[in-house]
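Just below is one structure, and these are the notes that go with it.
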Amino acid sequence: MNSRLQVQHLLDFIDASPSPWHVVQTLEAQLTRCNFIRLDETETWALKPSGRYYVVRDGSSIIAFVLGQKALPETGFKIIGAHTDSPGLRVRPNAANYLDGFLRVGVEIYGGPILATFTDRDLSLAGRVSVKTEQGQLESRLIRFDKVLLRLPNLAIHMNRSVNDEGLKLHKQNELPLLLSSISEQQLPQAYFMDLLHDQLALDQDRILAWDLVVYDTQKGVFWGAEQEFYANSQLDNLASCHAAIMALLDEHTLFTDATRVCALFDHEEVGSESHKGADGSFLPDILARIALATGTAQQDYARTLAKSFQISVDMAHAYQPNFPLAYEPDHKVIVNQGPVIKVNAGQRYSTESHSEALFANWCEEAGVPYQKYSHRCDLPCGSTIGPITSAKLGIRSVDVGNPMWAMHSIRESAGVLDHAFMIRALTHFFMA
């Protein structure tokens, strides 16, 4: 598959996945087509040599793995980690309110989005809803409004004369509610909103008990540039990395190798990872321990397995934007379409150290993939990833890498077509090496 086709596949994946729960649903469908078997954490596992399996925790975190042909202590685990969530807006429990003839939807800020980019966009809702069935049982159902449902109209420049000099500043409590409809004062806002959900799910009234609803941009992903060498979409941070990881796992050359290969894709990275399904929870340690147990690996041999294991934490990187040269460390400008980025931080915001850095560089060279190195400005706070968290929790060596992108945490992000293919090739070689 050439680089353009790989990116089109990525864009289709993102367009089908407006929330972390939809991300896992889309990935699960792809894994099932490739003969992966879903495992239940509440059941006993019986794993077969070279078997393909996956586990879902709470609908929005997923770990897929392929058993290697050699015993775990001989090879260790080869792990690629990424995250399924993206920064944005989430709908409040008491969602709807009435003000001056308009029904508005109240939202909370999730992670660190660039709030100004949510204005004047064609927005809608997606996520999961907890409902009570006719039999009185509770179950979760995915929901997605394909039509444009919401908007955050900007204030005209005539009322905000300083916007071009000082930037758009939105009050996080008062100015983020999204416009949904015009209603009369006699209509009940929450009842109106609940009717929308019930109609979308084809449910009778009073069946919905709770929800996790994400505000998403309905615009599809596109190629852009004179040579169509760039692409844009929402959620490139970090669905581009999730897609690259799964493509490497599903490559026909990696399905029968010596080491056990693992893709661990977590929710809640953008808010600190501290949850039962986040990278700072027990999900990955639990699954690795159960793989060892199901393959008859003794406790001391499991410790040996972890000591031989390696993780690549894949999260997007800050590409150099020539309009803002002072935002970058001058000796570490990484360029779109010039290869994956090894991310280094002395404060351990990234898990990279010299040996893991050298290993990834060597894998890139063996795969014929160019690579770059990134270091953040000392006078700006540096973001972090799941890499330091999972590396510390498991005691395994790790490297942090990512593809260069523009406008990280905007509702509309951009990256380079060649880089996505480079990353897939590098990750595939890691699984084969």
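Each residue of the sequence shown is one higher than the one before, starting from 15 at the first, in the working numbering.
We treat Cβ as the ideally placed atom computed from N, Cα and C, and that holds for glycine.
No experiment lies behind these values; they were computed from the predicted model shown.
Measuring C-alpha to C-alpha distances from Ser248 to each of Met15, Asn16, Ser17 and Ile28 identifies Ile28 as the nearest. Using a 10 angstroms sphere on the CB of Ile171, the tally of other CB atoms stays under 16, which defines it as exposed. When rounded, the separation of the alpha-carbon atoms in Val143 and Ser398 is 30 Å. Going by C-alpha positions, Asp54 is about 20 Å away from Thr98. Shown here for Thr133: same chain residues with a beta carbon closer than 6 Å to its own, the five before and five after excluded, namely Leu166 and Asn168 in chain order. For Thr40, the uninterrupted alpha helix (DSSP H) segment begins and ends at Pro34 to Arg47.
CA-CA distance, Arg47 to Leu264, rounds to 11 Å. Annotation for Arg411: the continuous beta strand (DSSP E) segment containing it runs Arg411 to Gly416. Residues of the same chain with a CB within less than 7 Å of the CB of Lys357, apart from the 5 flanking positions on each side, are Ala331, Tyr364, Thr366, Tyr388, Asp414, Val415 and Gly416 in chain order. A residue is called buried when at least 16 other Cβ atoms come within 10 angstroms of its Cβ; Phe270 does not meet this threshold and is exposed. Ranked by Cα distance from Gln83, the options Arg66, Arg71 and Ile438 are led by Arg66.
Per DSSP, Leu320 is one residue of the alpha helix (DSSP H) stretching across Gln313 to Ala321. When secondary structure is reduced to three states using DSSP, Trp59 falls in the coil class, being assigned neither helix nor strand. If you keep only unbroken alpha helix (DSSP H) runs of at least 4 residues inside the stretch 174-219, you get 177-180 and 203-215. Under the 10 Å beta carbon count, Pro107 is surrounded by fewer than 16 other beta carbons and is classified as exposed. DSSP, read as helix, strand or coil, puts Glu243 in coil. The beta carbons of Gly235 and Leu25 sit closer together than 8 Å. Taking one beta carbon from each stretch, the stretch 116-127 and the stretch 150-159 have fewer than 3 pairs nearer than 8 Å; the two do not touch. Leaving aside the five residues that flank Ala306 on each side, the residues in its chain whose CB is nearer than 7 Å to its CB run, in chain order, Leu86, Tyr316 and Thr319. Taking the Cβ atoms as the reference, His212 lies roughly 7 Å from Ile222, within the contact range of under 8 Å.
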